Amino acid sequence: MDHFLYRDGALFAEDVPVAEIAAAVGTPFYVYSTATLLRHFRLFDEALQGTDHLVCYAMKAASNQAILKTLAEAGAGMDVVSEGEYRRARAAGVPGDKIVFSGVGKTADEIRTALTGGIRQFNVESEPEMEVINAVALDLGLRAPITVRVNPDVDAKTHAKIATGKSENKFGIPIARAREVYAHAASLPGLEVIGIDVHIGSQLTELEPFRLAYQKVAELTETLRADGHDIRRLDLGGGLGIPYTRSNEAPPLPVEYGQLIKDTLGHLGCEIEIEPGRLIAGNAGLMVSKVIYVKNGEGRDFLILDGAMNDLIRPAMYDAHHDIIPVIEATPGVEPQPYDIVGPVCESGDTFAKQRLMPPLGAGDLVAFRSAGAYGAVMSSEYNSRPLIPEVLVHGDQFAVIRARPTFDEMINRDTIPEWLA
Ligand code: LLP
């Protein structure tokens with residue numbers, strides 16, 4: 112459920128007409144709903160009621176300061192994967208002891224920043240990384256709390272580019288080598304081994320892969336405890352999928368996922384962490400765009416929008432489907448017609464949808480891409496020298512620009528001319 116609904120034929124974001132935002136900020140833009148963000152965060156929080164837990168929002172999904180602050184105030188921790196994300200989380204008011212640091216290539220500088228500023232734990236991805244964390248911690252006279260990310264060799268049954276839990280993926284250490292790696296970690300004086308981490312992929316639409324992975328983590332917990340390690344925290348990653356179409360998809364609910372966690376791991380008495388990103392932000396955001404032209408091609412009509420692949424890359428990159436809906440609802444009885452919906456960027460990959468049934472649309476009409484809140488704005492670029500599009504946050508009947516569209520001069524003046532050309 113989200114808070115983007117039609118009222119008297121006009122699309123609203125909570126209590127604000129989307130067309131009103133478009134008139135104020137221009138198109139294209141992203142708009143997020145506070146109520147949906149909070150609702151999704153709370154679904155996870157409630158799903159883990161009764162267990163000691165922390166929901167660490169995977170802020171790579173959408174990392175605007177206003178979004179982070181909204182979630183942080185509701186009690187969310189953060190899962191970060193770079194110094195930039197760490198600094199964003201801290202700037203949004205998240206205390207260090209609610210920030211977990213994931214990512215396969217943390218640099219010594221990043222580790223130092225997090226250790227100095229405060230960190231809940233590092234999720235260690237390799238032995239060389241473990242050595243560096245140890246060295247930086249010793250240099251600072253600290254002990255770094257760590258989990259080791261294990262790769263359980265489970266098929267997440269998702270798009271190949273976002274599956275991470277198979278042995279061929281670059282993530283984690285093979286679960287078969289875990290005892291050896293934990294023994295090594297325990298021998299390093301700058302580290303405090305506190306738990307186990309696992310994340311098998313994103314946009315999972317079945318619970319079974321989670322079950323297989325978590326059962327392996329449960330077994331490993333007992334083994335490592337028997338080896339003398341104090342395994343007291345389990346970070347179970349993110350990955351629960353969202354419905355991208357309103358008709359036929361029904362991924363498992365957070366409450367079912369929470370029950371699975373309790374069933375597979377509850378008996379261990381560990382503190383549970385999860386790192387959901389997409390499910391919190393995905394359906395809390397729209398990308399709104401305007402039709403520039405309707406072009407009649409050979410046997411097909413193109414809707415040429417002012418939004419493009421640089422603004423929302425998921426269709427080009429993962430063949431992802433986003434529902435695209437008119438901001439002014441179609442008049443009942445009007446026959447929908449097929450369009451190829453494209454952006455103005457100079458490559459054929461800049462296609463959002465082929466032969467998509469839409470009500471007849473004309474130049475100037477607004478459309479909204481649903482489920483664009485996660486991995487939308489954060490993955491955008493200025494390709495074709497198209498300035499990054501603004502982000503807007505709605506809260507009831509209020510809205511605010513939370514990242515302004517840069518001017519052309521701001522975009523151009525970020526470049527500098529070397530002396531020999533001046
Ligand atoms: N934890 C770790 C260690 C991760 O690598 C990820 C996502 C998450 C948590 C959050 O997963 P989520 O709950 O959002 O599924 N750009 C792609 C998705 C990449 C996901 C990368 N890792 C897309 O647009 O589909």
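Here the sequence shown is numbered in my numbering, starting from 112 and rising by one per residue.
Every residue, glycine too, gets a C-beta built ideally from N, C-alpha and C.
Please read these numbers as outputs of a predicted model, since none were measured by experiment.
Work out the CA separation of residue j and residue i for me, nearest whole Å.
i: ASP277; j: HIS295; result: It should be noted that the sequence gives Lys, not Asp, for residue 277. Using only the alpha carbons, I get a separation of about 23 Å.
i: LEU315; j: GLY350; result: 6 Å
i: LEU368; j: ILE523; result: For clarity, residue 368 is Tyr in the given sequence; the question names Leu instead. In a straight line, the C-alpha of TYR368 is about 47 Å away from that of ILE523.
i: ILE210; j: ILE305; result: 15 Å
i: THR527; j: ARG199; result: 26 Å
i: PRO449; j: ARG411; result: 8 Å
i: PRO426; j: PHE463; result: 6 Å
i: THR334; j: GLY207; result: 30 Å
i: PHE140; j: ALA441; result: 22 Å
i: PRO437; j: LEU345; result: 44 Å
i: LEU122; j: ASN245; result: 53 Å
i: GLY137; j: HIS151; result: 28 Å
i: SER213; j: LYS281; result: 13 Å
i: SER298; j: ARG467; result: 59 Å
i: ILE424; j: ILE273; result: 14 Å
i: MET398; j: VAL292; result: 44 Å
i: ILE435; j: ALA130; result: 15 Å
i: VAL192; j: LEU179; result: 15 Å
i: VAL453; j: LEU499; result: 18 Å
i: GLY204; j: PRO443; result: 48 Å
i: PHE105; j: ASP126; result: With the chain represented from 112 up to 533, any question about residue 105 goes unanswered, as that position is not in the structure.
i: VAL235; j: ASP341; result: 16 Å
i: ILE415; j: SER459; result: 12 Å
i: LEU251; j: LYS217; result: 17 Å
i: ALA492; j: ASP520; result: What sits at residue 492 in the sequence shown is Ser, not Ala. Roughly 16 Å between the two C-alpha positions.
i: LEU347; j: THR224; result: 25 Å
i: GLY388; j: TYR486; result: 9 Å
i: ALA337; j: ALA287; result: 16 Å
i: GLU157; j: LEU148; result: 14 Å
i: THR518; j: ALA135; result: 16 Å
i: LEU371; j: VAL259; result: 22 Å
i: PRO239; j: ILE307; result: 18 Å
i: CYS381; j: ARG254; result: 21 Å
i: LEU318; j: THR375; result: 12 Å
i: LEU379; j: ARG343; result: 9 Å
i: VAL309; j: VAL328; result: 8 Å
Sorted by chain position, which residues of the same chain lie with C-beta nearer than 8 Å to residue i's C-beta, five sequence neighbours on each side aside?
i: VAL445; result: PRO470 and PRO471
i: SER174; result: GLU196, ARG199 and VAL489
i: GLY408; result: ASP451
i: GLY161; result: LYS373
i: ALA474; result: VAL402, ILE403, TYR404 and VAL405
i: ALA133; result: PHE140, VAL399, LYS401, VAL438 and LEU477
i: PRO285; result: VAL261, ASN262, ASP264 and SER278
i: SER237; result: VAL215 and ILE284
Can you give the beta carbon distance from residue i to residue j, rounded, assuming they're within the 8 Å contact cut?
i: ASP220; j: GLU242; result: Incorrect: roughly 16 Å between the Cβ atoms, too far for contact.
i: PRO365; j: GLY352; result: About 11 Å; that fails the 8 Å criterion.
i: ILE439; j: GLY120; result: 6 Å
i: ALA324; j: PRO256; result: With 8 Å as the limit, ALA324 and PRO256 do not qualify as a contact, their Cβ atoms being about 22 Å apart.
i: TYR143; j: VAL505; result: 7 Å
i: PRO501; j: ALA515; result: 6 Å
i: GLU384; j: LEU226; result: Contact flag wrong, Cβ pair sits at about 19 Å.
Return the chain-ordered list of same chain residues with a C-beta closer than 6 Å to the C-beta of residue i, the five sequence neighbours on each side being excluded.
i: SER482; result: TYR355, GLY393, ASN394 and HIS433
i: GLU360; result: PRO354
i: GLY339; result: none
i: TYR168; result: LEU182, ALA187, MET189 and ILE391
i: ALA289; result: VAL261 and LEU331
i: GLY484; result: TYR143, ALA173, ALA392, GLY393, ALA395 and GLY396
i: PHE413; result: LYS406, ASP451 and VAL453
i: HIS114; result: GLU125, SER144, ALA146 and THR147
Leaving out five residues on either side along the sequence, give the residues of the same chain with a beta carbon under 7 Å from the beta carbon of residue i.
i: HIS270; result: GLN314 and TYR429
i: PRO320; result: VAL265, ASP266, ALA267, LYS268 and ILE311
i: TYR494; result: ASN421 and VAL456
i: ALA202; result: GLN176
i: PRO300; result: LEU249
i: GLY377; result: THR162
i: GLY507; result: GLU125 and ASP126
For the ligand ATP, is there any heavy atom lying closer than 7 Å to the beta carbon of residue i?
i: THR334; result: As presented, the structure is devoid of the ligand ATP, carrying the ligand LLP as its sole ligands.
Within the region 187 to 237, ranges of the alpha helix (DSSP H) (whole runs, at least 4 residues): 194 to 202 and 219 to 228
What alpha helix (DSSP H) runs, 4 residues minimum, are completely inside the region 392 to 457? 425 to 429
Which parts of the region 279 to 334 are runs of the beta strand (DSSP E), unbroken and 3 residues or longer, counting only runs that do not cross its ends? 302 to 308
Please go through the region 333 to 358 and give each complete beta strand (DSSP E) segment of 3 or more residues, from N-terminal end onward. 344 to 346
Ranges of the alpha helix (DSSP H) found wholly within the region 133 to 161, counting only runs of at least 4: Taking only runs of at least 4 residues, the alpha helix (DSSP H) segments lying wholly in the region 133 to 161 are 145 to 158.
Beta strand (DSSP E) runs contained entirely in the region 475 to 524, provided each spans 3 or more residues: Inside the region 475 to 524, DSSP marks whole beta strand (DSSP E) runs of 3 or more residues at positions 477 to 480, 502 to 506 and 509 to 514, from first to last along the chain.
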